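Colleague:
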Amino acid sequence: MQVHLKGDISAEKFSELLLKIGDGNCIESEGKITTPTGLGKVVTSLKDLIADIYSDIQNITKKSMDWLCERPIFTPKNDTAAEINHILLNSFNGQSIEFKSVDSVLQDDNAVHYPSEILNTLNPPGFPAHQLILKIGTPIMLLRNLNPPKLCNVVQCASILCNI
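At position 121 of the sequence shown the residue is numbered 121 (UniProt numbering), and the sequence of numbers has no breaks.
(1) Between which two residues does the beta strand (DSSP E) containing residue 97 stretch?
(2) Using the DSSP secondary-structure output, state which residues sit across from residue 33 in a beta bridge.
(3) When the Cβ atoms of the stretch 19-38 are set against those of the stretch 58-78, are three or more pairs found closer than 8 Å?
(4) With DSSP as the reference, identify every bridge partner of residue 133, one or two as the case may be.
(5) Could you check where the alpha helix (DSSP H) with residue 89 kicks off and where it finishes?
(6) Are the C-beta of residue 54 and some C-beta of chain B separated by less than 7 Å?
(7) If you run the structure through DSSP and keep just helix, strand and coil, what is residue 14?
(8) Mapping the DSSP letters down to three states, classify residue 73 as helix, strand or coil.
(9) In chain order, what residues of the same chain have a beta carbon less than 7 Å from the beta carbon of residue 94, not counting five sequence neighbours either side?
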């Protein structure tokens, strides 16, 4: 489900609707859900959705973090979230910098059973992706406290270091 909360419906009503959908109380024939008129905007592609929600994304460095936090896109699948991130990253100017995870097995005798080329394509839930692509100027969210009090959940990272 892709929803963009507009100013013409209260957050409480929207919350109640999402709960009804989650409980299966809004399902009509053929498994379809009818949402109230004016709840969101119909778009035909992810690019249109992103352009509508983040219309001024090129000027993100001049915006407050609240601007970005007020524009979440919720998606039920990680693949769709990754596609949205890819589209957003490509909308920024600049050169991409690629970081890869360590790909090795603990016991060498099991290495033939798990080729790194195959392991690197897997994206199990709860694990970070093998490949992280960043650009200077793009916002990133730090999910783990790496070095409290310096690198914590609310920090805004301003530069990319080559030895991350």
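Beta carbons: idealized from backbone N, C-alpha and C, even for Gly. Computed from a predicted model, the values in this text were never measured in an experiment.
Modeller: Short version:
(1) Taking the sequence shown and counting its residues from 1, the one referred to as residue 97 is at position 97. DSSP places residue 97 inside the beta strand (DSSP E), whose first and last residues are 97-100.
(2) For the purposes of this step, residue 33 is taken as the residue at position 33 of the sequence shown. The partner list for residue 33 (beta bridge, DSSP) reads 27.
(3) With a cut-off of 8 Å, the stretch 58-78 and the stretch 19-38 do not count as touching, because too few Cβ pairs lie within range.
(4) Taking the first residue of the sequence shown as 1, we reach residue 133 at position 133. Note: residue 133 sits in a beta bridge opposite 98.
(5) Translated into positions along the sequence shown, residue 89 becomes position 89. 78-91 is the extent of the alpha helix (DSSP H) around residue 89.
(6) Within the model displayed, chain B is absent; a lone protein chain is all it includes.
(7) Numbered from its first residue, the sequence shown carries residue 14 at position 14. In this structure, DSSP gives residue 14 a helical state, which the three-state scheme calls helix.
(8) In the sequence shown, the residue the question calls residue 73 occupies position 73. The DSSP-derived three-state label of residue 73 is coil.
(9) As a first step, residue 94 is located in the sequence shown; it is residue number 94 there, counting from the start. Hits under 7 Å: 135, 136, 137.
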